[in-house]
Amino acid sequence: MSEPTPIETYLAQLDEQLRRRRLPRRRLHDEAEDHLRAAAAAALSGEELGPLEAEHRAVAQFGSAARVARSFAAAWATRGARSAVAATGAAWIACLGAGAALAGSSPVLRDFPQGVPATVGLQIGAVALVIACLRARHLRGAGLLPEDRVLPLTVAALIGASALLLSGLAELTLALTRPAGVAAWGDDPSLLALFAVALATSTIAVASSGSAFVRGSTLDALPRAEVDCLPEVNETLAADASAALPFLAGVTQVALTRPGRSCAVACVVGAVLVTALQASGDDFAHHASVVLGSAAVGVFEALAIGAGYLAFGRALGLRARRSRIAA
Amino acid sequence: MKRTDLLRGNLDLALLASLRDRPLHGYAIVQELKERSDGEFDVLEGTLYPALHRIEGGGLVKSRWSTEGGRRRREYELTRRGRASLRKRTQEWETFARNLNLVIGERR
Numbered sequence: 025m026s027e028p029t030p031i032e033t034y035l036a037q038l039d040e041q042l043r044r045r046r047l048p049r050r051r052l053h054d055e056a057e058d059h060l061r062a063a064a065a066a067a068l069s070g071e072e073l074g075p076l077e078a079e080h081r082a083v084a085q086f087g088s089a090a091r092v093a094r095s096f097a098a099a100w101a102t103r104g105a106r107s108a109v110a111a112t113g114a115a116w117i118a119c120l121g122a123g124a125a126l127a128g129s130s131p132v133l134r135d136f137p138q139g140v141p142a143t144v145g146l147q148i149g150a151v152a153l154v155i156a157c158l159r160a161r162h163l164r165g166a167g168l169l170p171e172d173r174v175l176p177l178t179v180a181a182l183i184g185a186s187a188l189l190l191s192g193l194a195e196l197t198l199a200l201t202r203p204a205g206v207a208a209w210g211d212d213p214s215l216l217a218l219f220a221v222a223l224a225t226s227t228i229a230v231a232s233s234g235s236a237f238v239r240g241s242t243l244d245a246l247p248r249a250e251v252d253c254l255p256e257v258n259e260t261l262a263a264d265a266s267a268a269l270p271f272l273a274g275v276t277q278v279a280l281t282r283p284g285r286s287c288a289v290a291c292v293v294g295a296v297l298v299t300a301l302q303a304s305g306d307d308f309a310h311h312a313s314v315v316l317g318s319a320a321v322g323v324f325e326a327l328a329i330g331a332g333y334l335a336f337g338r339a340l341g342l343r344a345r346r347s348r349i350a351a
Numbered sequence: 401m402k403r404t405d406l407l408r409g410n411l412d413l414a415l416l417a418s419l420r421d422r423p424l425h426g427y428a429i430v431q432e433l434k435e436r437s438d439g440e441f442d443v444l445e446g447t448l449y450p451a452l453h454r455i456e457g458g459g460l461v462k463s464r465w466s467t468e469g470g471r472r473r474r475e476y477e478l479t480r481r482g483r484a485s486l487r488k489r490t491q492e493w494e495t496f497a498r499n500l501n502l503v504i505g506e507r508r
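Top line first, the protein sequences correspond to chains D and E. Our numbering numbers the first residue of the first sequence as 25 and each following residue consecutively. Our numbering numbers the first residue of the second sequence as 401 and each following residue consecutively.
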C-alpha cells in the first residue's frame, strides 16, 4: 500500500476538523481537492518542482486544515443565524395573524383564558425578535457575523421561536379542553388553518434556531485570556442597538445601563395601556366591576413583563450576567 | 497594517469583483485576485471558500457543479442581487478612498 500524498493527508485532516465541528464535509472536501490538484499541477508545470514538492506548495498556500475549518465554521454559523432570524420572523407574523383571527372570532372560541398564551407568546417573541434583528444588522449584504454575536443572536431567535411554539401549543390545549371543545373550532376552518400554519412555522423556527445555536456552539473557544476580554452580552447589545437605531442611541443606552428601572417603567406602561384598552372596549366602562376587571388584566400584563424580564433578561442581553454585577 | 489585513476587511468586495465578468471556480478566483493585484493579494487560499459559501448564503452569488477536463469543479456566478451589491460597495469604497486620500494629502 502506497504512502498517502501530501494532498491526501491534508484532505484527511480537513475532513477530521470538519467532522469534529459537525460541519458538512462533502462540498468543501471536493472543492478543496479540486483546488489543491489544480494548484499542484500549476506548480509542477510552471516552477519545475517535483510532484511531491508541488503538492506541499499547494497545501501550504491553502492554509492549515484547522484554520480553514474554523473559517468555515464561522461562515456556517452566520448562515444558520440568518436562517434563524428569517424563520422566527415568519413564525411571529403567522402567530400574529392567528392571534388576530382568534381575537376577532366568536366569544365561544375565545373564552377566557383562551388568547392569554398567544398574547404572552407574541410579546416575548416580539422582544426576542427585535433583539435578534438588532444583532442581525451585521448580516447586511452577506456580512460575517462577529463571533461574539453568534450565540446571543441564536439564543434570542430560539427564545422567540420557543415562546411562539409553546404559546401555540397552550392555545391548542386550551381549545381542546374548553366546554365547547373541538366542535366549536370545527365551525371556523379558516381559524384552524391559521393556527395550523402558526404552529408549523413556529416548529420550523425552533428547529432552525436550535440548529443555528448548535452551529454557533461549534465555533472554537478562544484562549481564556481573550474570552475574559470579550464584551458582555448586554454590552454588545447596547452597541448593536445604538448602531442600528442611532436616533434612539441615548434612549437605548439609558435603558440597557439601568435595566431594572427600565423594566419597571415597561411594567407600569404595559399595565396602564392594557387596562385602558380593556376598559375602552367595554360598554359598561363606567362600572366599578369593569374597571377592576380591566385593572386585573393590566396587573397580569405587568407581572408577565416582569416575569419575562427575570426569566430571559440575561439570555437576551437585557441585563448583565451575575458575575459582572458582582465584579 | 499588512496588505492581507486590508484585503481581509474587504474580502467580499474583492470576491464579488473577481466574478464581475464571468463565472469562475475557486482556484480561478484566487488567480484572478492575484493577477489583478499584481500578486499583492496573496491570502491563504482555503479561507476564500468559507467566504464564498457565506456570500452565497446571502444570495449574492450562486454556484453549480461543472465538469472541466474530466474534473468536477464548483463554479460561482454573481446573482442580480450580487451585481447590485457590487455596484453599491464599489461606490462606497471609491468615496472612502477619495476622502482618505484628501486627508492624507492635507497631512503631507
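Each residue gets a CB set at the ideal place from its N, CA and C atoms; glycine is no exception.
Give a yes or no on whether the minimum CB-CB distance between residue i and chain E is below 8 Å.
| i | result |
| --- | --- |
| residue 98 (chain D) | yes |
| residue 85 (chain D) | yes |
| residue 178 (chain D) | no |
| residue 80 (chain D) | no |
| residue 248 (chain D) | Because residue 248 (chain D) sits at a pLDDT of 39, beneath the cut-off of 50, its placement in the model cannot be relied upon, and the following sentence gives the value as read from the coordinates. It does not; no Cβ of chain E falls within 8 Å. |
| residue 39 (chain D) | no |
| residue 215 (chain D) | no |
| residue 33 (chain D) | no |
| residue 92 (chain D) | yes |
| residue 351 (chain D) | Bear in mind that the predicted position of residue 351 (chain D) carries a pLDDT of just 42, short of 50, making it unreliable; the figure below should be weighed with that in mind. Chain E, which has no Cβ nearer than 8 Å to the Cβ of residue 351 (chain D), makes this no. |
| residue 195 (chain D) | no |
| residue 162 (chain D) | no |
| residue 232 (chain D) | no |
| residue 102 (chain D) | yes |
| residue 211 (chain D) | no |
Could you tell me whether the Cβ atoms of residue i and residue j are closer together than 8 Å?
| i | j | result |
| --- | --- | --- |
| residue 263 (chain D) | residue 174 (chain D) | no |
| residue 295 (chain D) | residue 315 (chain D) | no |
| residue 99 (chain D) | residue 450 (chain E) | yes |
| residue 56 (chain D) | residue 67 (chain D) | no |
| residue 49 (chain D) | residue 39 (chain D) | yes |
| residue 226 (chain D) | residue 198 (chain D) | no |
| residue 420 (chain E) | residue 478 (chain E) | yes |
| residue 93 (chain D) | residue 42 (chain D) | yes |
| residue 456 (chain E) | residue 466 (chain E) | no |
| residue 86 (chain D) | residue 445 (chain E) | yes |
| residue 153 (chain D) | residue 121 (chain D) | no |
| residue 493 (chain E) | residue 411 (chain E) | no |
Output yes if chain D places a C-beta closer than 8 Å to the C-beta of residue i; else output no.
| i | result |
| --- | --- |
| residue 475 (chain E) | no |
| residue 439 (chain E) | no |
| residue 447 (chain E) | yes |
| residue 450 (chain E) | yes |
| residue 457 (chain E) | yes |
| residue 444 (chain E) | yes |
| residue 470 (chain E) | no |
| residue 454 (chain E) | yes |
| residue 426 (chain E) | yes |
For residue i, collect the residues of the same chain with a Cβ closer than 6 Å to its Cβ; drop the 5 residues on either side in sequence, then sort them by chain order.
| i | result |
| --- | --- |
| residue 142 (chain D) | 123, 191, 195 |
| residue 333 (chain D) | 287 |
| residue 328 (chain D) | 144 |
| residue 228 (chain D) | 111 |
| residue 239 (chain D) | 100, 101, 104 |
Could you pull the start and end residues of the beta strand (DSSP E) that residue i belongs to?
| i | result |
| --- | --- |
| residue 467 (chain E) | 461–468 |
| residue 477 (chain E) | 471–478 |
Apart from the five residues just before and just after residue i, which ones in its own chain have a Cβ nearer than 8 Å to its Cβ?
| i | result |
| --- | --- |
| residue 337 (chain D) | 283, 287, 343 |
| residue 429 (chain E) | 415, 418, 419, 448, 452, 476 |
Return the CA-CA distance between residue i and residue j, expressed in angstroms with no decimal places.
| i | j | result |
| --- | --- | --- |
| residue 83 (chain D) | residue 495 (chain E) | 38 Å |
| residue 125 (chain D) | residue 218 (chain D) | 8 Å |
| residue 403 (chain D) | residue 131 (chain D) | Outside the modelled stretch of chain D, which goes from 25 to 351, sits residue 403 (chain D), for which no answer is possible. |
| residue 136 (chain D) | residue 220 (chain D) | 21 Å |
| residue 464 (chain E) | residue 425 (chain E) | 10 Å |
| residue 215 (chain D) | residue 182 (chain D) | 26 Å |
Can you tell me where the alpha helix (DSSP H) with residue i in it begins and where it stops?
| i | result |
| --- | --- |
| residue 423 (chain E) | Residue 423 (chain E) -> no alpha helix (DSSP H), and no H or E assigned at all. |
| residue 162 (chain D) | Segment: none, residue 162 (chain D) is in no alpha helix (DSSP H) and carries neither H nor E. |
| residue 28 (chain D) | Segment: none, residue 28 (chain D) is in no alpha helix (DSSP H) and carries neither H nor E. |
| residue 317 (chain D) | 312–340 |
| residue 363 (chain D) | Nothing can be reported for residue 363 (chain D): it is not among the residues displayed for chain D, which extend from 25 to 351. |
| residue 410 (chain E) | Note, residue 410 (chain E): premise wrong, no alpha helix (DSSP H); not H, not E. |
Ignore the nearest five residues each way along the sequence and tell me which others in residue i's own chain have a CB closer than 7 Å to its CB.
| i | result |
| --- | --- |
| residue 170 (chain D) | 162 |
| residue 157 (chain D) | 109 |
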